Amino acid sequence: MRDATWSTAVSATLHCLTGCAIGEVLGMVIGTALGWHNVPTIVLAIALAFVFGYALTMRGVLRAGIGFRQALRVALAADTVSILVMELVDNGVLLFVPGAMDAGIVSWLFWGSLAVALAVAFVVTVPVNRWMIGRGRGHAVVHEYHHH
């Protein structure tokens with residue numbers, strides 16, 4: 001196994017959480033502000049979570065002097081599974097909390113549920129990232145280009 005320590009997995013997951021949270025919050029705020037129903041709001045939030053997750057990884061890789069296409073390939077390899085797990089868990093928790101998706105962006109129920117959902121998603125995603133890093137996949141592919 002490669003360097004699959006818990007601290008490495010936590011670092012990778014915090015990186016993923018940052019991009020996911022930015023995209024998730026932005027998507028939820030936009031969808032709610034526009035009065036969209038739950039499904040299009042969730043789709044937008046998930047899409048933006050992937051965009052911001054990949055963008056954060058690409059930022060570091062591009063700084064290492066890698067071309068855009070290669071940086072995109074690295075980001076896709078590094079983050080896809082992590083973001084997918086985080087988004088499935090996060091949105092699953094949000095849908096599980098009664099009224100959370102309909103509470104609106106000025107509601108404590110909405111923000112509290114989103115915070116809990118992201119925290120649960122983080123806890124679930126850490127062991128997934130540890131497993132992937134230990135096999136040279138996921139966030140492990142980024143480390144040859146930059147250090148956190």
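Numbering-wise (the UniProt record's numbering), the sequence shown opens with residue 1 and increments by one. Beta carbons: idealized from backbone N, C-alpha and C, even for Gly. All values reported here derive from a predicted model rather than from experimental measurement.
Where does residue i sit, in a helix, a strand or coil, going by DSSP?
i	result
Met101	coil
Trp36	coil
Val141	helix
His148	Model confidence at His148 stands at a pLDDT of 45, short of 50, so the residue's coordinates are unreliable; what they give is reported in the following sentence. Looking at His148 - three-state DSSP - the assignment turns out to be coil, as it is neither helix nor strand.
Less than 7 angstroms between C-beta atoms, sequence neighbours within five positions excluded: which residues of the same chain meet that for residue i?
i	result
Met101	Asn38, Leu94, Leu95
Ile42	Asn91
Phe110	Ala100, Ala103, Gly104
Gly56	Sequence check: residue 56 is Leu here, not Gly. Cβ within range, chain order: His15, Thr18, Gly19.
Pro98	none
Output needed for residue i: all residues of its chain with C-beta closer than 8 angstroms, excluding positions within five of it in sequence on either side, in chain order.
i	result
Leu14	Phe122
Val120	Val89, Asp90, Val93
Val74	Thr57, Met58, Val61, Ile66, Val141, Val142, Tyr145
Gly35	none
State the Cα-Cα distance for the pair residue i and residue j, rounded to the nearest angstrom.
i	j	result
His148	Ser11	At His148, the pLDDT of 45 sits below 50, so the modelled position is not reliable and the matter cannot be decided from this model.
Ile105	Pro127	31 angstroms
Ile83	Ala117	14 angstroms
Glu24	Leu76	18 angstroms
Ala9	Arg130	5 angstroms
Trp108	Thr32	14 angstroms
Leu72	Met58	6 angstroms
Asp79	Val29	24 angstroms
Pro40	Met132	31 angstroms
Tyr54	His139	11 angstroms
Below 6 angstroms CB to CB, which residues in the same chain sit around residue i once its five sequence neighbours on both sides are set aside?
i	result
Gly27	Leu44, Ala45, Leu48
> At what residue ranges does the UniProt domain "DUF4396" (5–137) contain a whole run of the alpha helix (DSSP H), taking only runs of 4 or more?
Replying inline: If we require 4 residues or more, the alpha helix (DSSP H) runs fully inside the UniProt domain "DUF4396" (5–137) come out as 6–33, 38–63, 68–96, 108–134.
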